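For the sequence shown, the UniProt record's numbering begins at 1 and goes up steadily by one.
Backbone N, C-alpha and C fix where the C-beta goes; we use that ideal spot for every residue, glycine too.
Note that the structure is a prediction, hence the values are computed from the model and not measured.
These notes concern the structure reproduced below.
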Amino acid sequence: MSWKNWRQNLNQILDLPRDVTLNLPKIIVSGQVQAILENHRGVVEYSPERVRFQLEKGQLLLKGKDLVLRGILPEEAVVEGWITGIEFLE
Numbered sequence: 001m002s003w004k005n006w007r008q009n010l011n012q013i014l015d016l017p018r019d020v021t022l023n024l025p026k027i028i029v030s031g032q033v034q035a036i037l038e039n040h041r042g043v044v045e046y047s048p049e050r051v052r053f054q055l056e057k058g059q060l061l062l063k064g065k066d067l068v069l070r071g072i073l074p075e076e077a078v079v080e081g082w083i084t085g086i087e088f089l090e
């Protein structure tokens with residue numbers, strides 16, 4: 001059994017949130033002014049209009065105006081500003 005299948009089976013047996021067992025990104029958006037991203041793998045691009053994160057699979061792009069990284073930890077980041085779009089990239 002592969003590691004991925006093992007994690008999926010564990011998730012089903014223990015009824016754990018998928019973002020925890022499968023390292024899926026979790027995004028908490030507060031209106032259009034703040035986004036908290038969990039389970040990222042680092043910042044790939046950063047400007048006042050775009051913040052792009054590496055994920056375990058693919059990337060996540062936040063678009064907006066006056067975007068600022070308010071905090072960044074190894075697996076959590078806080079972006080504030082005027083968020084106009086969220087896009088998953090492969």
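Counting along the chain, the unbroken beta strand (DSSP E) around Val51 starts and ends at Arg50 to Gln54.
At the C-beta level, Leu24 and Leu60 stay beyond 8 Å of one another. When the five nearest sequence neighbours on each side are left out, the beta carbons in the same chain lying within less than 6 Å of the beta carbon of Gly64 are those of Gly81, Trp82, Ile83 and Thr84, in order along the chain. Leu55 sits close to His40, with the two beta carbons spaced by under 8 Å.
Here Ile86 is actually not in contact with Ile28; their C-beta atoms are around 12 Å apart, not less than 8 Å. Separation of the CB atoms of Gly58 and Phe88 is rounded to 6 Å, and the pair is thereby assigned contact status at 8 Å. Only buried fits Leu67, as 16 or more other CB atoms lie within 10 angstroms of its CB. In the DSSP annotation of this structure, the continuous segment of the beta strand (DSSP E) that includes Ser30 starts and ends at Lys26 to Ser30. With respect to Ala35, Phe53 sits apart: the two C-beta atoms are not nearer than 8 Å.
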